[in-house]
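Reviewing the structure listed below.
2 protein chains.
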Amino acid sequence: MFSSTEENYLKAIFNLSVRTKNPVSTNAISQRMNTSAASVTDMLKRLAEKDLINYVKYKGVTLTSTGRKTATMLVRKHRLWEVFLVEQLNFAWDEVHEMAEQLEHIQSEELVNRLDRYLGYPKFDPHGDPIPDANGQFTYRQQVILSELEVGEEAIVVGVKEHSPEFLQFLDRLHLQLGAQVMIQEHFDYDGTMRLKIFPEGEQLVSNKVGQNIYVQKKEK
Amino acid sequence: MFSSTEENYLKAIFNLSVRTKNPVSTNAISQRMNTSAASVTDMLKRLAEKDLINYVKYKGVTLTSTGRKTATMLVRKHRLWEVFLVEQLNFAWDEVHEMAEQLEHIQSEELVNRLDRYLGYPKFDPHGDPIPDANGQFTYRQQVILSELEVGEEAIVVGVKEHSPEFLQFLDRLHLQLGAQVMIQEHFDYDGTMRLKIFPEGEQLVSNKVGQNIYVQKKEK
DNA sequence: GGATTTTTTTAGACTTATCTAAATTTTAAT
DNA sequence: ATTAAAATTTAGATAAGTCTAAAAAAATCC
Numbered sequence: 002m003f004s005s006t007e008e009n010y011l012k013a014i015f016n017l018s019v020r021t022k023n024p025v026s027t028n029a030i031s032q033r034m035n036t037s038a039a040s041v042t043d044m045l046k047r048l049a050e051k052d053l054i055n056y057v058k059y060k061g062v063t064l065t066s067t068g069r070k071t072a073t074m075l076v077r078k079h080r081l082w083e084v085f086l087v088e089q090l091n092f093a094w095d096e097v098h099e100m101a102e103q104l105e106h107i108q109s110e111e112l113v114n115r116l117d118r119y120l121g122y123p124k125f126d127p128h129g130d131p132i133p134d135a136n137g138q139f140t141y142r143q144q145v146i147l148s149e150l151e152v153g154e155e156a157i158v159v160g161v162k163e164h165s166p167e168f169l170q171f172l173d174r175l176h177l178q179l180g181a182q183v184m185i186q187e188h189f190d191y192d193g194t195m196r197l198k199i200f201p202e203g204e205q206l207v208s209n210k211v212g213q214n215i216y217v218q219k220k221e222k
Numbered sequence: 002m003f004s005s006t007e008e009n010y011l012k013a014i015f016n017l018s019v020r021t022k023n024p025v026s027t028n029a030i031s032q033r034m035n036t037s038a039a040s041v042t043d044m045l046k047r048l049a050e051k052d053l054i055n056y057v058k059y060k061g062v063t064l065t066s067t068g069r070k071t072a073t074m075l076v077r078k079h080r081l082w083e084v085f086l087v088e089q090l091n092f093a094w095d096e097v098h099e100m101a102e103q104l105e106h107i108q109s110e111e112l113v114n115r116l117d118r119y120l121g122y123p124k125f126d127p128h129g130d131p132i133p134d135a136n137g138q139f140t141y142r143q144q145v146i147l148s149e150l151e152v153g154e155e156a157i158v159v160g161v162k163e164h165s166p167e168f169l170q171f172l173d174r175l176h177l178q179l180g181a182q183v184m185i186q187e188h189f190d191y192d193g194t195m196r197l198k199i200f201p202e203g204e205q206l207v208s209n210k211v212g213q214n215i216y217v218q219k220k221e222k
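Protein chains in written order, with the working numbering: chain A, 2 to 222; chain B, 2 to 222.
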């Protein structure tokens, strides 16, 4: 249907506009994709021609409903393949991104739906990101940034904001994988470092940068 | 490492030369790939430049050891993915070719080796074709063409020579799937039609064309 | 064994996706 | 409200992979 390149642009636009509904700029896309702004402009014209985006020269782009649907299905495929790689083939959560980046371009709706069923219709991928269902619906979840917790609060790690292998491996070292139960023991105003209790045993100092990149779900007290 | 297109050419050359060791002609490749002879010539130059083939103008091509190794690994990936699709995702044997055609280009040696282990190191794919191991070694098997059997001989269906969905679906209808046990009851010289007993119960007339496209393993008497 | 047919290669063109450099538009600043 | 800076687009080139039509080489046929 669409080339891998076109699909990658759609995904980039989707991810850049998922938070804010504002149009995405040419430069933002070129940075995220490591291409020149000129290449992006060329591609935007093609995508607009195919009715995947709304493009106004010099004003940025938004996805059309077809474009958003296509991007959502790419995200679905990417995340389902990540679940497969981690849960079935026992890859670590920091190893799967590149492979999923290729697998997401495999063309077969039947395949992705069967994979979904095979995996038990998972709602979240190995990094805690929500997996859209066959209709494109995401599961929402009450979550906050770890560093926003107050001293004494308990929470469970449910996701990460950063996905670099370095960060994920560091979290492994800190035993802060998904599902980890933590309690804030101390908060240092000097630089935002926190002292965490990690259940059932263990204690760690985590930097503000780490705390800013972890999503947690507060525990009822 | 190599583009999907380059890989497809290597696979075509491999398959065209796997029986005979003779050089493969430009026309043979263009027919198999549904491209013009001119396109093939262009690509052969590129593949020769990359030391994947030995190319002599007007004389056809053979694979270098690098080329053969690359093609073998593609066949390995293709067939392992077919096993996954059929055994894990419950696709029928006539539905998996196109998907495997895409999946075979996923770049990750670790992935294919883990998939191999996950599937239990299968030696044959859902069509009975041998799957090369991580070293590129194929498993050989004593097999003959069904129509070469004599009246009274018993055998087990172990593979197919033709892979079209039409043929495979027809075999399903005849209950001549892999593993089926058959005995030749009659052989009509008129057009080569055979009357088969299919164990445990069942009897079918099969045309010569069908019989020519099925591999069987003779049963000791 | 020379003429004809078939096969293969070359020449020139097109598409997709990319780039750099130059031109244009928008934004920000004084 | 100009002007300077930043962002974006256009122009022109390149590489991969494809095509058709024409030229060249190889194979085949009396």
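Built from N, CA and C at the ideal position, the CB exists for glycine as well. From a predicted model like this one, the values you see are computed outputs, not experimental measurements.
Check                                                                                                                                                                                : Outcome
Please classify residue 1/A: is it buried, with 16 or more other beta-carbons within 10 angstroms of its beta-carbon, or exposed?                                                    : A query on residue 1/A cannot be resolved here, the shown segment of chain A reaching from 2 to 222 and no further.
Mind reading off the beta-carbon distance from residue 154/A to residue 219/A? Whole number of angstroms is fine, and I expect it under 8 Å.                                         : 6 Å
Leaving aside the five residues before and after residue 30/B along the sequence, list all residues of the same chain whose C-beta is less than 6 Å from its C-beta, in chain order. : 13, 41
Closest to residue 181/B by C-alpha separation, out of 147/B, 209/B, 72/B, 53/B, would be which residue?                                                                             : 147/B
Any beta carbon from chain A within less than 8 Å of residue 206/B's own beta carbon?                                                                                                : no
Closer than 8 Å, CB to CB, is residue 90/B near chain A or not?                                                                                                                      : yes
Would you mind telling me which residues of chain A sit closer than 8 Å to residue 119/B, beta carbon to beta carbon, in chain order?                                                : 89, 90
Does residue 120/B come out as helix, strand or coil in the three-state DSSP assignment?                                                                                             : coil
By the DSSP assignment, the beta strand (DSSP E) with residue 161/B in it spans what residues?                                                                                       : 155-161
Evaluate the contact criterion for the segment 113-131 of chain B versus the segment 109-116 of chain A: three or more CB pairs, one atom per stretch, below 8 Å.                    : no
At 4 residues or longer, and completely inside the segment 20-46 of chain A: list those alpha helix (DSSP H) runs for me, N to C.                                                    : 27-34
Taking a cut of 9 Å between CB atoms, which residues from the segment 102-127 of chain A lie near chain B?                                                                           : 103, 104, 106, 107, 108, 109, 111, 112, 115, 116, 118, 119
Under the three-state reduction of DSSP, which class applies to residue 56/B: helix, strand or coil?                                                                                 : strand
Cα-Cα, which of 23/A, 75/A, 94/A is closest to residue 61/A?                                                                                                                         : 23/A
Would you identify the three-state DSSP class for residue 185/A, choosing helix, strand or coil?                                                                                     : strand
Identify the contact partners of residue 74/B in chain A, using a Cβ-Cβ distance below 7 Å as the criterion.                                                                         : Those within 7 Å of residue 74/B in chain A number zero; the least Cβ separation is about 16 Å.
Examine chain A for any beta-carbon lying closer than 8 Å to the beta-carbon of residue 100/B, and answer yes or no.                                                                 : yes
CB-CB under 7 Å to residue 87/A, same chain, minus the five flanking residues each way: which ones, in chain order?                                                                  : 94, 97, 127
Once the 5 residues before and after residue 33/B are set aside, which same chain residues still bring their CB inside 8 Å of it?                                                    : 13, 16, 17
Just how far apart, CA to CA, sit residue 134/B and residue 124/B?                                                                                                                   : 8 Å
Between 73/B, 105/B, 71/B, 9/B, which has its C-alpha nearest residue 84/B's C-alpha?                                                                                                : 105/B
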